[in-house]
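**Student:** Got a structure here, written out as structure tokens. Questions coming.
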Amino acid sequence: MSTSRTHACAIVAAGLTLFSMNPAAQQSSPQPAAERRASPHPPAPKGPALGVPASAEEIAAMDISVGPDGAGLPPGSGTPKQGAAVYAAKCIVCHGPEGANGVNDRLVGGQGTLTGATPVKTIGSYWPYATTVFDYVRRAMPYPAPHSLSDAEAYAVTAYLLQLNGIIGADDVMDATSLPKVKMPNHGGFVSATGPGR
Amino acid sequence: MAKLNPDDLEPVAGNGLLPRRLFLTGGLAGLSLLRAVPISAQQKVPAWMKAPGAPLRPYGERSPHESSVQRIVGPPMPGTDGSGSSRTPLESLEGMITPNSLHFERNHSGVPDIPPAEHRLVIHGLVRRPLTFDLEKLSRYPLISRIHFIECSGNSTALYGAKPVQGGAGAIHGLLSCAEWTGVPLGTLLDEVGVVPTGKWLLAEGADAAAMSRSIPMDKALDDVMIALYQNGERLRPENGYPMRLVVPGWEGNTNVKWLRRLKVTAEPLMTKDETSKYTDLLPDGKAMQFTFPMGVKSVITSPSGGLQMPGAGLYQISGIAWSAAGRIRRVDVSADGGKTWAPAALSAPVLPKALTRFRLAWRWDGKPAVLMSRALDESGTMQPSRDALLGKRGAAYRYHYHAVQSWAVSAAGEVRNVYV
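These protein sequence lines map, in sequence, to chains A and B. First residue of the first sequence: 0, per numbering that gives the first Met the number 0; consecutive thereafter. First residue of the second sequence: 0, per numbering that gives the first Met the number 0; consecutive thereafter.
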């Protein structure tokens with residue numbers, strides 16, 4: 000233990016020495032990050048470069064995010080009918096029959112209520128991207144056992160919720176190609192308050 | 000020091016507010032200030048001086064007489080144990096730092112128990128060299144320490160309601176805490192992985208059972224975001240992200256992703272559940288504002304505050320906190336007459352950017368009904384809005400980013416209640 004601590008201190012000291020003893024090299028190294036700063040903080044110090052290269056396999060095992068363009072969607076597919084069975088077994092307890100009147104978030108209905116006195120925000124009325132439904136189901140649902148659904152089951156539940164909201168047909172198959180093409184009713188309902196170009 | 004006669008002090012604003020110079024010059028040293036808290040009876044021969052006290056102990060605990068100071072834990076939601084929030088009891092604390100045991104919590108699927116040796120952070124996506132880091136390696140990077148508040152964007156949301164809810168400062172505003180965070184500047188690690196020019200956003204993902212994730216603009220990531228490893232000098236508490244978390248200074252708490260396990264550099268935001276269906280602000284026209292990150296300039300008087308009892312007319316110490324994502328607090332004004340007149344409060348040094356700033360002011364309460372208010376001005380020149388002004392721009396469906404002036408009514412009986420003015 001004491002040996003490894005000594006080692007750690009030596010590494011840090013080496014990194015700091017480089018930073019303080021060689022300012023010219025530090026400033027001349029390409030730092031596109033620094034050019035974009037509008038901060039009172041000085042540029043981030045150079046670290047000791049202890050990161051371990053991440054293999055494609057490692058990244059694939061950890062990367063569960065799905066973008067609105069469908070990037071990250073896995074192989075597999077599901078239909079609303081298949082999703083109804085999964086929903087009845089694993090979702091209905093919290094979200095109620097057909098995605099409403101459950102003890103937890105309502106998932107279906109509410110379209111046309113966003114300008115009213117009591118907006119009902121659901122997948123059908125509010126969510127701008129269908130890919131978000133798959134992403135969230137796969138990473139966090141069902142609440143007591145996340146990561147327990149197969150990718151096909153996640154596609155199927157997503158398809159069922161889209162069909163309950165009247166967004167896709169009863170026979171539509173959701174997969175990596177079709178899901179990103181689904182246009183949500185509130186797709187144009189969001190205005191970004193920040194980000195590049197603003 | 001010469002003893003001051005409080006009757007010689009001229010109020011500087013209505014209902015008995017006294018000059019802030021009393022705090023700034025130490026002129027209050029001769030005065031005994033009442034606080035709206037009980038004071039235990041004096042003992043002339045204390046028993047604790049008649050025998051040796053408790054032995055040394057390897058890990059400290061607070062006085063058992065303070066055990067009533069607790070986080071205010073919200074009710075569990077059916078079927079989702081571990082989701083929800085607990086609030087910091089602001090009315091029981093002083094200064095600018097929140098003790099770690101009382102830092103607020105907001106969890107989306109409980110607090111994971113993470114063995115630090117098994118935890119990895121991977122940075123990948125639009126980078127030249129995807130890399131993994133563990134806690135031991137990150138601890139060897141040059142560390143920085145910064146004092147910053149974290150506020151849930153749902154803080155104070157009950158005040159959007161038509162009737163003023165009754166509760167203490169913590170129950171209403173306690174999704175807010177402030178700590179010294181120590182960790183690695185995110186820019187250091189982004190330099191190491193080499194962000195390619197198309198990388199404009201960063202997805203941050205936690206290792207909790209919700210894999211809670213948010214997208215953060217690259218400009219902010221390179222500005223002042225850090226990967227925090229320590230909280231007020233000790234390793235992060237489990238409920239605050241052990242073994243590593245993002246601290247995104249001034250931005251809504253949800254972006255300060257806890258139990259950080261993955262950062263993916265992307266060209267566009269990934270539109271996660273918590274940046275579309277939640278944490279977005281629905282306007283009256285049906286459009287919703289998205290990525291409304293900075294927490295607006297805000298202040299609240301914590302003593303006296305809702306639920307506390309004023310023991311009687313006399314000289315009081317008004318104490319509160321102010322903060323803003325825009326930087327430092329420049330000034331805090333206090334009113335004791337419902338906003339008719341205001342007096343500047345004394346700001347307690349240090350006044351740091353994106354940190355809680357403690358303000359204080361002396362007040363001679365005459366025992367009649369009064370309404371206490373505070374309004375903060377930040378260094379960008381933005382003044383905390385009145386409730387009417389804030390609601391005027393927002394519709395009935397707005398749930399987040401409430402930062403209007405808080406009003407506490409003091410009755411002749413000394414009861415303090417939340418009111419709308």
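Glycine included, each C-beta is placed from N, C-alpha and C at the ideal position. These figures come from a predicted structure and were not determined experimentally.
Applying the 10 Å Cβ sphere with the 16-neighbour rule, what's the burial state of His186 (chain A)?
**Tutor:** It counts as exposed.
**Student:** Between Thr79 (chain B) and chain A, is the shortest Cβ-Cβ distance under 8 angstroms, so that the two count as touching?
**Tutor:** Yes, because at least one Cβ of chain A sits closer than 8 angstroms to the Cβ of Thr79 (chain B).
**Student:** Nearest CA to the CA of Gly153 (chain B): which residue from B:Ala210, B:Val415, B:Pro349 and B:Pro293?
**Tutor:** Selected option, being the one with the closest Cα: B:Pro293.
**Student:** At 4 residues or longer, and completely inside the segment 123-154 of chain B: list those alpha helix (DSSP H) runs for me, N to C.
**Tutor:** Counting whole runs of 4 or more residues, the segment 123-154 of chain B contains the alpha helix (DSSP H) stretches 134-137.
**Student:** Is Ser100 (chain B) helix, strand or coil when you go by DSSP?
**Tutor:** Three-state DSSP puts Ser100 (chain B) in a helix.
**Student:** Between which two residues does the beta strand (DSSP E) harbouring Lys297 (chain B) extend?
**Tutor:** Start and end: Lys297 to Ser302.
**Student:** At 7 angstroms on the CB atoms, spell out the chain B contacts of Ala99 (chain A), in chain order.
**Tutor:** Those do not exist, as Ala99 (chain A) stays about 15 angstroms from chain B at its closest Cβ, beyond 7 angstroms.
**Student:** Given Gln421 (chain B), which residues of its chain have a CB within under 7 angstroms of its CB, disregarding the five upstream and five downstream residues?
**Tutor:** Outside the shown range of chain B (0 to 420) lies residue 421 (chain B), about which nothing can therefore be said.
**Student:** Could you tell me the alpha carbon to alpha carbon distance between Asp422 (chain B) and Val190 (chain A), rounded to whole angstroms?
**Tutor:** This structure cannot settle anything about residue 422 (chain B), because the visible part of chain B is limited to 0 through 420.
**Student:** Please list, in chain order, all residues of the same chain as Gln67 (chain A) whose beta carbon is under 6 angstroms from its beta carbon, the five residues on each side excluded.
**Tutor:** Correcting the residue identity first, residue 67 (chain A) is Pro in this sequence and not Gln. Taken in chain order, the residues that qualify are Tyr128 and Thr130.
**Student:** Give the interface partners of Thr156 (chain B) over in chain A, defined as CB-CB distance under 8 angstroms, in chain order.
**Tutor:** Those within 8 angstroms of Thr156 (chain B) in chain A number zero; the least Cβ separation is about 15 angstroms.
**Student:** Taking Ala220 (chain B) and Leu202 (chain B) to be in contact with their CB atoms under 8 angstroms, please state how far apart those CB atoms are, rounded to whole angstroms.
**Tutor:** At roughly 11 angstroms, the Cβ-Cβ gap does not stay under 8 angstroms, so Ala220 (chain B) and Leu202 (chain B) are not in contact.
**Student:** What residues are listed by DSSP as bridge partners for Pro343 (chain B)?
**Tutor:** Its beta-bridge partners are B:Asp332.
**Student:** Measuring CB atoms only, is the segment 74-88 of chain A touching the segment 161-170 of chain A, in the sense that at least three cross pairs come out at less than 8 angstroms?
**Tutor:** The segment 74-88 of chain A, when compared against the segment 161-170 of chain A, does touch it at the 8 angstroms Cβ threshold.
**Student:** List the residues that DSSP assigns as beta-bridge partners of Ser214 (chain B).
**Tutor:** Partner(s): B:Leu202.
**Student:** Using a C-beta to C-beta distance shorter than 8 angstroms, which residues of chain B count as neighbours of Asp150 (chain A)?
**Tutor:** Here the premise fails: no neighbours, minimum Cβ distance about 15 angstroms.
**Student:** What does Phe358 (chain B) pair with, by DSSP beta-bridge criteria?
**Tutor:** B:Gly319 and B:Leu346.
**Student:** Can the beta-carbon of His107 (chain B) be found closer than 8 angstroms to that of Met211 (chain B)?
**Tutor:** The answer is yes: Cβ separation under 8 angstroms.
**Student:** In three-state DSSP terms, what is Gly313 (chain B)?
**Tutor:** Reduced to three states, the DSSP call for Gly313 (chain B) is strand.
**Student:** What is the DSSP secondary structure of Ala369 (chain B), reduced to helix, strand or coil?
**Tutor:** Here Ala369 (chain B) sits in strand by DSSP.
**Student:** Return no unless some Cβ of chain A is closer than 8 angstroms to the Cβ of Leu228 (chain B).
**Tutor:** No - not a single Cβ of chain A is within 8 angstroms of the one on Leu228 (chain B).
**Student:** If you reduce the DSSP assignment to three classes, tell me which class Tyr142 (chain A) lands in.
**Tutor:** Coil, per DSSP.
**Student:** Give a yes or no on whether 8 angstroms exceeds the smallest Cβ distance from Arg105 (chain A) to chain B.
**Tutor:** Not closer than 8 angstroms to any Cβ of chain B, the Cβ of Arg105 (chain A) fails to qualify, so no.
**Student:** Along the chain, where does the beta strand (DSSP E) that runs through Arg386 (chain B) open and close?
**Tutor:** Careful: Arg386 (chain B) lies outside any beta strand (DSSP E), inside the alpha helix (DSSP H) at Arg386 to Gly391.
**Student:** In whole angstroms, give me the CA-to-CA distance for Thr117 (chain A) and Ser124 (chain A).
**Tutor:** Near 13 angstroms, if we compare the C-alpha coordinates of Ser124 (chain A) and Thr117 (chain A).
**Student:** Can you name, in chain order, every residue of its own chain whose Cβ lies under 7 angstroms from the Cβ of Tyr140 (chain B), other than the five neighbours on each side?
**Tutor:** Only Val183 and Thr187 meet the Cβ criterion.
**Student:** For the alpha helix (DSSP H) holding Pro47 (chain A), just list the boundary residues, first then last.
**Tutor:** Counting along the chain, Pro47 (chain A) falls outside any alpha helix (DSSP H), and DSSP gives it neither H nor E.
**Student:** By the three-class DSSP mapping on this structure, what secondary structure does Cys177 (chain B) have?
**Tutor:** Here Cys177 (chain B) sits in strand by DSSP.
**Student:** Taking Gly83 (chain B) as part of the beta strand (DSSP E), name the residues at either end of that continuous run.
**Tutor:** Gly83 to Arg86 is the extent of the beta strand (DSSP E) around Gly83 (chain B).
**Student:** At a CB distance below 9 angstroms, what residues from the segment 49-68 of chain A approach chain B? Give them in sequence order.
**Tutor:** Hits within the stretch, in order: Leu49, Gly50, Val51, Pro52, Ala53, Ser54, Ala55, Glu57, Ile58, Met61, Asp62, Ile63, Ser64, Val65, Gly66, Pro67 and Asp68.
**Student:** Distance check for Met140 (chain A) and Gly337 (chain B), CA to CA, integer angstroms please.
**Tutor:** The straight-line gap from Cα to Cα measures roughly 48 angstroms.
**Student:** Taking the C-alpha atoms as reference points, what is the distance between Gly108 (chain A) and Thr114 (chain A)?
**Tutor:** About 15 angstroms.
**Student:** Give the interface partners of Thr193 (chain A) over in chain B, defined as CB-CB distance under 7 angstroms, in chain order.
**Tutor:** What Thr193 (chain A) touches in chain B: Pro216, Phe290 and Phe292.
**Student:** What does a CB cutoff of less than 7 angstroms around Ala345 (chain B) pick up in its chain, not counting 5 residues either side in sequence?
**Tutor:** Excluding positions up to five away in sequence, the list reads Arg19, Phe22, Leu23, Phe358, Arg359 and Leu360.
**Student:** Below 8 angstroms between beta carbons is the criterion; list the residues of the segment 120-138 of chain A that meet it against any residue of chain B, in chain order.
**Tutor:** Under the 8 angstroms Cβ criterion, the segment 120-138 of chain A contributes Lys120, Ile122, Tyr125, Trp126, Pro127, Tyr128, Thr130, Thr131, Asp134, Tyr135 and Arg138.
**Student:** Do the segment 171-185 of chain A and the segment 256-264 of chain B make contact, defined as three or more Cβ pairs closer than 8 angstroms?
**Tutor:** Flag = no, the segment 171-185 of chain A and the segment 256-264 of chain B do not touch.
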